[in-house]
């Protein structure tokens, strides 16, 4: 059973309720996962989907990710598919009422019966559409129920599917369905209804006002939503096509069937419906494309603005970075830099929202794909710059933290070292005041001196480390550290004096040992104290790094999408973390367990821990595999967790060993007490028997009792060994028992001797003398380890024999002659001191050899390790981080090699001490080892110096190339800042154009001068990259990217900035050239028009005759004919080009307009003037003809009159003839003066002459 479903889209996400539903429907028991992680939910949903597929349910585009994500559409689709495929199938196929059908019927009646409509089935009760309307009225806001009910059933159905549709789209009556049964119009009606539904849905979407997006995410959401709408619209176009095709088929079939088909009126109605549908669809599509264009423009504008905003911020940020000071060196500077960096980080966090909004850039590729590509390139460049800023910020923060930790460590360790030195001076002064003479005291003093020597060596090492840190930080405690170092040397001299005192007593003192020596009881452990401080510093650093990793910049670096391997890795990490919690909880319940159960419990824990440790290696391999799918920065958190788990596992191993040791001690304690209790019972029983039967017991009974007591020697020896291992009170308790046990044995032995008489003790004496002789002949050897170990074993055996034979010695002393017993007793008592002294010397020799061997192996291991690293090192030019890391590593190597040199000298000196007391073969072997060590050290020094030279050369070369690249970047930034941002439309006159052109020409010359440096830099970079490629091929594990990326970025930056200068310079030069040509052509055109205008201003009356008028007409026509149309077209062409370039658009347009209008006007005037001159020529020719005839007549009259005068003929002689001529002359003299103004040129002159002649003739007549 499971809880009921409250929210369908939330409650099905884990898959449990879905599996329960399928178990009821299929009668199967389905396996489910009970975890709460997303992977468990996905597995449950996958199980359900597999069951549905086996059951024949067809699922289209439904995945487990969709259901787990709570997709409403796909969740409903899944439930509907289940309903149809199981009990819901009856709703479709059966005529009866199933449980689901009945529930659906009751649900519908709840909304229809209040309106007086009863539903009895799922067919006829729904045909008029009212049931749907009543249900819609309850669920759709602002639904006009009354208006919809008043409509015709067909219109009501249409309104149901497409509310607010035009009444013309579907007539008030349907296409005939009853009269012509031969035509199937159902398909057409269904298609029309589908189209109307599509139109309604689309129009509802388009009817909403397009709100202006407040920010970029909102604009992007608008774009994506409208993209989905447009995709849906393109799919729905098929409905429109299907409806139109169906209508066309309906009309074609009706025309074929004739009277059996639709009538002409019905066919026309169908055509009208088709036209309206098509028109409505086209209008809808145009509206959708218009809105889509607005959304595209809005998104593009907003993205461009945000990108420009980010570019400006990055430019300012990079400039701000360039002004940051170097880190440190003092603590006050460090504190100020911390605050400055935190403010800088807060500014970046505020800008992170803008970067997040641009992380999912929408690129719209339409008519100009190059613009989209440019947008992507800009964003990629900005993204790289943003990553660089974040990386720089993170690196600077780490450096600040590192420097702060160094200061903290310096001050804390300095305080501890002062306390350390004061305590050791007090301890050594106290030691000097106490003299030791006994062997036990000497051994204790040797341990104290060995610990003091080792402690001061550790102190010196910390002093050296602190001096290095103080020097690097320029701290003012260097002199104080030197003072501490001097005090340390003084204490070492005190230790040497103490050692010399011990050696003068016959003890050989070990020179040096790396083994951990037990701290004297009253000495304070400063090594543990300073180690604890370092651990706390490490924890603080890791916590700080975690805080840095939780910053928004670092979170941004992690990808949102995780692969299956990464999810598997996270699952295993969680499982391992759960095991850690379980392990820590389990170890808390050990105290109350029984020993046997505790042992088995620890064994189980040990096996489980071993399996987890094996799993740790598999998880590490999985992490390495994940790094191939994601970047290392994306898996920093998982890698850190895995390291923490590994350290926890190591801690658990040690803890388990301690717990196992404690359990073993408890078992030994229990076993010891059990054995000792049994022995005490035997002792008590034996004492009781001895008290009761000592006087009357036979010798056989006494010997039997002794034999029984001797048979318990293994248990006694075992109890003795156990007592030595643990606390002192065990040993005291055992010694008391042993003494009582020995007393009883001796008492029984005395009774046996008394009963047997005088005893022969020669055999016991030989045994004692043999042990004494063996003790005196034994010696401490200085040879190979095996021989010395065997010799030490023999010496310990002598002590064990001494302990075993002590009872024999006491027995001998009690029963032997007093003088003989006294002589042997005197030598016997010296055996422990003699053998112990030899054991100490042998232990010292073995310890010296072990120390020499460990030192040799340590130095050889260090040499091989460093040599292997040095041989594998590759120094790649341009990889600054790698080179810096290598430089730091080589500084560490230098310190290690320096320490190694000191250790090597120490080993040499130590070997000379050992060789003095060694046999020649062993001495030769040690000398050979020292020689081999020296050779290896010389090779290592040569290799280190060679690599150091290469490293320094590579760093110098890198700094040079990087410096040149930075200079080039600064120059490009300066060039970009100095490049004028004026657009063509902002230039208002030629003077401004000239100034801007000069500015760009100077920038272009600067670019051409800098091009040489840039090419040299690129060529140098190419040579370096070729060398790098060769190195990378030699060392395939090396990864090179920084220098190549840097050159690629610089090259792109160069092209971006200089191309702008070159392009802008060329454009301005072209504009200047075109403007000059334009001005020249304008001047030429105006000069020509001035000439034409001058010709037009010339008066036609100035012409002398028709010939001059004709010449003037020819001049005018030639002037018009000689006009250069090409010049005017060139003016218009250049003017259009300049206007298209947005250069002085209004002024250029006005000048072109003035020239064209003037030319048109003068051309029109010239046409009118030509017509007038042609008329003047015609009139002048007529006037000149008439005047010429008049002149001829006058000349003729003059000749006649002259002849009459000469012949003295008077008027009286010819009265009629004179009267006629007089009237003619009179007419000319009176008419011509009024008409002579109509004649011009020669005609007027001729007219004047005629008037003069006429006056003369009248005089003659008179």
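Residue numbers (my numbering): 28 to 1289. Glycine included, C-beta positions come from ideal geometry on N, C-alpha and C. Note that the coordinates shown come from a computational prediction; the quantities given were computed from them, not determined experimentally.
If you check the CB distance, residue 341 and residue 229 do not come in under 7 Å.
For residue 1220, the uninterrupted alpha helix (DSSP H) run begins and ends at 1172 to 1233, by DSSP. Contact between the segment 801 to 820 and the segment 763 to 783 is absent: fewer than 3 CB-CB pairs across the two stretches fall below 8 Å. With distances taken between CA atoms, residue 532 lies nearest to 472 out of 553, 503, 472 and 237. CA-to-CA, the gap between residue 820 and residue 514 works out to about 43 Å. With 16 or more neighbouring CB atoms inside 10 Å of its own CB, residue 75 falls in the buried class. Judged by beta-carbon spacing, residue 904 lies within the 7 Å limit of residue 981, meaning their Cβ atoms are closer than that value. Under the rule that a run must span 4 or more residues, the alpha helix (DSSP H) segments found entirely inside the segment 216 to 299 read 243 to 284. Contact between the segment 597 to 609 and the segment 659 to 673 is present, with at least three C-beta pairs closer than 8 Å. Apart from sequence neighbours up to five positions away, the residues of its chain that approach residue 70 with a beta-carbon distance below 7 Å are 60, ordered along the chain. Here residue 479 is buried, its C-beta having at least 16 other C-beta atoms within 10 Å. Cβ-Cβ separation between residue 1190 and residue 1154: approximately 14 Å, too far for a contact (criterion under 8 Å). Here residue 79 really is in contact with residue 109; their C-beta atoms are around 7 Å apart, less than 8 Å. Between the segment 1009 to 1019 and the segment 930 to 937, the count of C-beta pairs closer than 8 Å stays below three; the two stretches do not touch. When C-alpha distances from residue 522 are compared across 1081, 476 and 891, the shortest belongs to 476.
Judged by DSSP in its simplified three-state form, residue 61 adopts coil rather than helix or strand.
Restricted to the segment 312 to 369, not a single beta strand (DSSP E) segment is unbroken, complete and at least 3 residues in length. Taking C-alpha positions only, residue 713 is separated from residue 721 by approximately 11 Å.
In this structure, DSSP gives residue 33 a state outside helix and strand, which the three-state scheme calls coil.
With distances taken between CA atoms, residue 816 lies nearest to 874 out of 1079, 73 and 874. Excluding residues up to 5 positions away in sequence, 232 lie with their Cβ nearer than 7 Å to the Cβ of residue 256 in the same chain.
Between the alpha carbons of residue 709 and residue 810 lies a distance of about 48 Å. Residue burial annotation: residue 502 is buried, with at least 16 other C-beta atoms found within 10 angstroms of its C-beta. In this structure the segment 33 to 45 touches the segment 93 to 107; the number of beta carbon pairs closer than 8 Å is three or more. Here DSSP, grouped into helix, strand and coil, assigns residue 212 to coil.
In this chain, the alpha helix (DSSP H) harbouring residue 713 covers 663 to 720. In this structure residue 497 touches residue 505 by the C-beta definition: roughly 5 Å separates them, less than 8 Å. The C-beta of residue 927 has 16 or more other C-beta atoms within 10 Å across all chains shown, which makes the residue buried.
Residues of the same chain with a CB within less than 7 Å of the CB of residue 769, apart from the 5 flanking positions on each side, are 834 in chain order. Leaving aside the five residues that flank residue 412 on each side, the residues in its chain whose CB is nearer than 6 Å to its CB run, in chain order, 341. For the 7 Å CB-CB criterion, residue 799 and residue 854 form a contact. The beta carbon of residue 1017 sits closer than 7 Å to the beta carbons of 1102 from its chain, once the five residues preceding and following it are set aside; these are given in chain order. Taking residue 73 as reference, the option from 56, 55 and 41 with the minimal CA-CA separation is 41. With contacts defined as CB atoms closer than 7 Å, residue 1087 and residue 992 fail to qualify as a contacting pair. A straight line joining the alpha-carbon of residue 451 with that of residue 510 spans about 15 Å.
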